[in-house]
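Protein chains in written order, with my numbering: chain F, 1484 to 1572; chain X, 1484 to 1572. Some notes on the structure that comes next.
Protein chains: 2
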Amino acid sequence: MSLSQTFAALSDQNRQKILDLLKKRDLSVGDIGKKLSITMATLSHHLDVLKRADLVSGRREGQQIIYSLNLSVMEEITEQIVKFLKHKK
Amino acid sequence: MSLSQTFAALSDQNRQKILDLLKKRDLSVGDIGKKLSITMATLSHHLDVLKRADLVSGRREGQQIIYSLNLSVMEEITEQIVKFLKHKK
DNA sequence: TATATAATTAGATATATATCTAAACATCTA
DNA sequence: TAGATGTTTAGATATATATCTAATTATATA
Chain F
1484 MSLSQTFAAL SDQNRQKILD LLKKRDLSVG DIGKKLSITM ATLSHHLDVL KRADLVSGRR
1544 EGQQIIYSLN LSVMEEITEQ IVKFLKHKK
Chain X
1484 MSLSQTFAAL SDQNRQKILD LLKKRDLSVG DIGKKLSITM ATLSHHLDVL KRADLVSGRR
1544 EGQQIIYSLN LSVMEEITEQ IVKFLKHKK
């Protein structure tokens, strides 16, 4: 996954909200859905984008899928972004 | 300009290349064009996106427009991104 | 002032993506 | 095992965007 693709994954308002929610605690898809004004199908799509960008992971717990931030990956991406953006002329 | 919109501006490979080139030195549109495999029209579009995201600025020098990175804005955005990404649960 | 050079704008097109409804799949429980 | 609950997948649609060619605008110079 390229840095551009990571930026693309981060460039949607709803995905930002999802990441913000997951910063506080792990949440089921249903719980995330309650906080957003989109259908479950659309939410599923966004979670898929975030998963493919390796920004979140889901684990099944009974009927629910619990999503969490991939903190180590977030850290790594932060490093890359800082390296890219902060590098002076 | 929201953080999502900034991410969107950063999410294209050609725009990444433009920023990379401008990290080294200020360049005219023509000089940037020589490094990319796109038409000048497309390049103009990408420069417009980067300008609207406040990531670069252009100044006219005779017949040429010289583009440069907006370093202070880049710094500010870096801060925001780090704040967003590094904030733990 | 006519021509050349540099860059942008206009208009068209093709691809990507955000969204929805409806259907399917997975799991739990009575 | 049938029905309820939670999530994803399929298929459709509308909007956004990356790209191109051709035309236009801005500047310099012969």
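All C-beta atoms, glycine included, are put in the ideal place defined by N, C-alpha and C.
Where residue i meets chain F, residues with beta-carbon distance less than 7 Å
i, result
"S1487/X", "S1494, D1495, Q1496 and Q1499"
Rounded straight-line distance, which links the Cα of residue j to that of residue i
i, j, result
"L1486/F", "F1490/X", "11 Å"
"N1553/X", "D1537/X", "7 Å"
"I1548/F", "I1548/X", "53 Å"
"I1560/F", "L1502/F", "14 Å"
"K1572/X", "V1556/F", "Only weak support exists for where K1572/X lies, its pLDDT of 47 falling under 50; the value from the coordinates is given anyway. The straight-line gap from Cα to Cα measures roughly 14 Å."
"V1539/F", "K1517/F", "18 Å"
"I1523/F", "K1500/F", "A small fix is needed here, since residue 1523/F is Met in this sequence, not Ile. Taking the straight line joining both Cα atoms gives about 15 Å."
"S1511/X", "Y1550/X", "6 Å"
"I1515/F", "L1504/F", "7 Å"
"Q1496/F", "G1513/X", "35 Å"
"R1542/F", "E1562/X", "32 Å"
"L1533/X", "A1492/X", "6 Å"
"K1506/F", "K1566/F", "23 Å"
"H1529/F", "S1520/X", "32 Å"
"M1484/F", "I1564/F", "14 Å"
"T1525/F", "D1531/F", "10 Å"
"R1535/X", "S1527/F", "31 Å"
"E1544/F", "D1509/F", "12 Å"
Exposure of residue i, with buried meaning 16 or more beta-carbon neighbours within 10 Å
i, result
"R1498/F", "buried"
"S1494/F", "buried"
Distance cut-off 6 Å: residue i Cβ against heavy atoms of the ligand MN
i, result
"S1487/F", "Absence of the ligand MN from the depicted structure is noted, as is the absence of any ligand whatsoever, leaving it without description."
Taking only beta carbons into account, state which residues of the region 1540-1565 of chain F come closer than 8 Å to chain X, listed in chain order. L1552, L1554, M1557, E1558, I1560, T1561, I1564 and V1565
Taking a Cβ distance cut-off of 9 Å, strictly less, list which residues of the region 1505-1537 of chain X are near chain F, in chain order. L1505, K1506, K1507, R1508 and D1509
Entirely within the region 1490-1546 of chain F and at least 4 residues each: give me those alpha helix (DSSP H) ranges in chain order. 1496-1507, 1512-1518 and 1523-1535
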